[in-house]
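A.B. asks: Okay, handing you the structure first.
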Amino acid sequence: MEIRKATSTDVEEMQQLIQQFADIGLMLPRTIKSLCEHLQCFTVAVEDGKVIGVAGLHVLWTDLAEIRSLAVAPEAHGRGVGRQMVTALLQEAEHLGIAQVLSLTYQTGFFEKLDFHIVRKESLPHKVWKDCIYCNKFYHCDEVAMVYYTSHHQVLRPAREA
Ligand SMILES: CC(C)(COP(=O)(O)OP(=O)(O)OC[C@H]1O[C@@H](n2cnc3c(N)ncnc32)[C@H](O)[C@@H]1OP(=O)(O)O)[C@@H](O)C(=O)NCCC(=O)NCCS
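Using numbering that gives the first Met the number 0, the first residue of the sequence shown is number 0, and each one after it goes up by one.
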């Protein structure tokens, strides 16, 4: 199995993989156009010439990126494919100087294993919610917000006493 950046020849399989989970409400669907426009954001897992995993890192602001469209083919679940793709995206975030990586997810157990922490959705900046208008759960979003802090994250220290 190989983890690598996506190329244009992967797009159709990426779309089908995402659609499979979008159909059961686990994630937002992606069009071929949207995948092409953001192709540089995506990493794939490939085995025997077949795309078995996809995940994207979308930079939202100078200090914030989001993991989107994370999907592993059902027959490949539990083999570390998701972990390897997310680890690759976190390395990318480190390289880009991003301080926090966000995931809006139902898979809290998976992300906890990767050192993400649950945060209050109200604490997130408005730009995070830009694409949520396309979601039919806009008014009753039940996803959990989880954040990973990279080495660029500044820990706020209490002000020194005078
Ligand atoms: C969530 C998903 C990406 C995980 O991918 P995966 O390749 O099966 O996960 P991995 O094998 O890399 O698992 C890594 C670790 O997380 C654990 N894990 C995986 N899914 C889990 C879950 N739903 N709850 C708790 N732990 C989970 C594994 O047991 C493993 O633990 P270990 O390192 O102690 O052995 C995959 O189940 C999936 O595609 N789900 C459907 C789409 C989806 O919900 N995507 C998330 C959108 S944010």
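Cβ coordinates follow ideal geometry from the N, Cα and C atoms, glycine included.
Quick one: is residue 35 buried, meaning 16 or more other Cβ sit within 10 Å of its Cβ, or exposed?
C.D. replies: The residue is exposed, with fewer than 16 neighbouring Cβ atoms inside 10 Å.
A.B. asks: What is the residue span of the alpha helix (DSSP H) that residue 112 lies within?
C.D. replies: Counting along the chain, the alpha helix (DSSP H) containing residue 112 begins and ends at 107-112.
A.B. asks: Hey, residue 20 and residue 70: beta-carbon distance below 7 Å or not?
C.D. replies: Their beta carbons are under 7 Å apart, which means residue 20 touches residue 70 by this criterion.
A.B. asks: If you measure between the beta carbons of residue 148 and residue 115, is that distance less than 7 Å?
C.D. replies: Contact: no.
A.B. asks: In this structure, does DSSP put residue 45 in helix, strand or coil?
C.D. replies: Residue 45 falls in the strand class under three-state DSSP.
A.B. asks: Below 8 Å on the Cβ atoms is my guess for residue 145 versus residue 118; work out the distance and round it to an integer in Å.
C.D. replies: Confirmed, Cβ separation roughly 7 Å.
A.B. asks: So is residue 23 buried or exposed if we call it buried at 16+ other beta carbons inside 10 Å?
C.D. replies: Classification for residue 23: exposed.
A.B. asks: Looking only at its own chain, which residues have a Cβ that is under 7 Å from the Cβ of residue 43, when we skip the five neighbours before and after it?
C.D. replies: Taken in chain order, the residues that qualify are 3, 5, 9, 13, 50, 52 and 53.
A.B. asks: Please specify which runs of the alpha helix (DSSP H), each continuous and at least 4 residues long, are wholly inside the stretch 34-96, giving them in chain order.
C.D. replies: Whole alpha helix (DSSP H) segments, 4+ residues: 80-95.
A.B. asks: Looking at residue 76 and ligand 1, is the gap between the Cβ and the nearest heavy atom below 6 Å?
C.D. replies: Flag set: Cβ of residue 76 near ligand 1.
A.B. asks: Residue 99: buried (16+ other C-beta within 10 angstroms of its C-beta) or exposed?
C.D. replies: So residue 99 ends up on the buried side.
A.B. asks: Where does residue 146 fall in DSSP's three states?
C.D. replies: DSSP places residue 146 in strand when its eight states are reduced to three.
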